[in-house]
Amino acid sequence: MKFAIRAGRVQGFLFTSAWWGWVYLGERVPGVVYCSMGKRIAGGGAGVVRGPGPGHGQGSGDGGALFARGHLLQLAGLSAKELRAILGRARVFAGHDADGSDDPKAWRERLRGKVVANLFFEDSTRTRVSFAVAAERLGAQVINLTSVGSSISKGETVADTALNVAAMGVDGIVMRHKSSGAPHLVVRTLAERAHSYDDAGRVCSVINAGDGRHEHPTQGLLDIYTIAERFDRLDGFDLSGLTVGIVGDIASSRVARSGIVGLGALGAKVVCIGPPTLVPRSIEAMGCTTTHDLDGVIGKLDAVNVLRIQFERHDGGGGGGEKMPGASNAVASVREYYEVYGLNSARLAKLRPGAIVMHPGPINRGVEMSSEAADSGQSMVLRQVRHGVAVRMAVLEMCLNASAQGR
Ligand code: NCD
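Start counting at 1 in the sequence shown, then tack on 1461, and there's your number in this note's numbering.
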């Protein structure tokens, strides 16, 4: 079986089959690049390009192999040990390490002389700035590229853009794209063409900053970090005994998929909550449970992670990335959605004492949560953002050093 992507310009249907382990991208394409199922990346050692496998979170699948090669494309396939290694390093960068032995003054030496290119083909505030801050704190130089103002707007594919950036000697590419699987395609292309842009055939690191509805691995990691901090699990990042609710637009959410996989691998129970149109029962195959009854379950949660309704990914929601609340086939009425699933003050009061409220941002106040919930003492929203820098420092350091070793 094959999947196809015309990277850079999405015109057709795309679908993330997280439970089967493959990313299907059906597109209308001139100049299409095909990736065969399970085919090894040329020059990529153990890396195999594919989506999350059925054994996600238990060390099966390919996330770990790709991570070892200096790429972080997904949490699926990373073992608990690998997740803990990243989170443990983030703990140092967050200033939460037990002995404080790592001197912050030396951090700027970690990636000195390296160049990180932020390739964001979809809008971003937190993730883009956070990666830039993280790279600069480690002494790397950061180049920012967006669709507007680059040759993407002239029809260049994301794979060609990445090849050209790599040919300039960039050490790491952080990329966000609206197509699920786009970073996997880039890794494959970079590996196949490595000898045409680098004398030694070296492949620069690729870090997924969110691909379509597939994964957002660093968001998953920073969410895990925030939960671990609040529940005193920074030693060992063992989340067993904790129940995390993810509320809202699970179907369109890469944050939810990384969360389900990562939290589950570290022992937390995950329950996905929302209306049937946004919470397909099939998501349970990733290792969570589902319910459509927020009020019935809210009192049992230790953490509630509220998601934005991603209208731009819905039928009738505007395919060009623009937000069109109210134009979605999946959410007939935003007001009714808020009545039934919005985190309002009444629901805030039903939370367990000590339970925390999270949101990856951007928040649509009055749609998925009230200002009272977003700004409450239980809200970890800004701590999530803060931890995002530490997590991304850990990921950049580990990925860029792993790829340098392989060079
Ligand atoms: C999310 C994203 O872009 O996937 N935000 C983020 O990265 N902080 C969630 C969203 O867009 O709703």
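Every residue gets a Cβ at the ideal spot worked out from N, C-alpha and C, and that includes glycine.
Between the alpha carbons of residue i and residue j, how many angstroms are there, rounded?
i     : j     : result
D1693 : R1654 : 46 Å
L1539 : Q1680 : 15 Å
G1838 : G1760 : 17 Å
E1597 : V1603 : 7 Å
H1675 : P1821 : 15 Å
V1795 : R1571 : 47 Å
L1683 : D1836 : 19 Å
G1706 : L1812 : 11 Å
C1496 : S1640 : With a pLDDT of only 29 at C1496, under the threshold of 50, the placement of this residue in the model should not be trusted, and no figure is reported.
H1656 : H1848 : 37 Å
A1627 : L1651 : 8 Å
R1569 : V1590 : 18 Å
S1840 : T1752 : 23 Å
T1586 : L1700 : 29 Å
N1766 : H1532 : 27 Å
N1862 : R1663 : 13 Å
F1726 : C1749 : Note on residue identity: the sequence assigns Ala, not Phe, to residue 1726. About 11 Å.
M1629 : A1661 : 14 Å
I1634 : E1690 : 29 Å
S1562 : D1696 : 16 Å
R1774 : A1643 : 16 Å
S1743 : R1853 : 31 Å
N1625 : L1536 : 27 Å
Y1658 : S1864 : 16 Å
T1588 : G1728 : 26 Å
Looking only at its chain, what residues have a beta carbon closer than 6 Å to the beta carbon of residue i, apart from the 5 residues adjacent to it on each side?
i     : result
H1677 : G1671, R1715, V1716 and S1719
V1631 : V1576, A1578 and C1665
V1594 : V1850
Y1798 : V1792
Below 8 Å on the Cβ atoms is my guess for residue i versus residue j; work out the distance and round it to an integer in Å.
i     : j     : result
R1573 : G1600 : 4 Å
P1741 : A1764 : With a Cβ gap of about 22 Å, P1741 and A1764 do not count as contacting.
E1829 : L1809 : The pair is not a contact, with the Cβ atoms about 13 Å apart (cut-off 8 Å).
L1755 : Y1802 : 5 Å
With distance defined between alpha-carbon atoms, name the residue in the options nearest to residue i.
i     : options                       : result
M1747 : G1723, G1827 and L1843        : G1723
Q1845 : A1567, V1818 and S1585        : V1818
Y1686 : I1711, H1557, S1562 and L1527 : H1557
V1619 : S1657, H1848 and S1608        : S1608
G1827 : E1690, S1806 and P1814        : S1806
A1793 : D1754, P1737 and R1808        : P1737
I1668 : A1834, H1645, E1690 and D1659 : H1645
S1614 : G1633, G1642 and F1581        : F1581
D1584 : K1566, V1732, E1800 and N1605 : N1605
K1542 : D1756, G1803 and F1698        : F1698
Tell me which residues share the same chain as residue i and place their Cβ nearer than 8 Å to its Cβ, disregarding the 5 neighbours each side in the sequence.
i     : result
V1842 : V1818, M1819, H1820, G1822, I1824 and A1835
A1816 : L1762, D1763, A1764, V1765 and Q1839
A1623 : L1580, I1634, M1636, V1647, T1650, L1651 and V1667
L1739 : G1709, D1710, I1711, A1712, S1713, I1770, A1791 and V1792
Excluding sequence positions up to five away, which residues of its chain have a Cβ less than 7 Å from the Cβ of residue i?
i     : result
A1855 : I1547, R1550, A1551 and F1554
V1758 : G1706, V1732, I1734 and T1752
G1506 : At G1506, the pLDDT of 29 sits below 50, so the modelled position is not reliable; the number obtained from the coordinates is stated separately. Cβ neighbours of G1506 beyond the five flanking positions: R1530.
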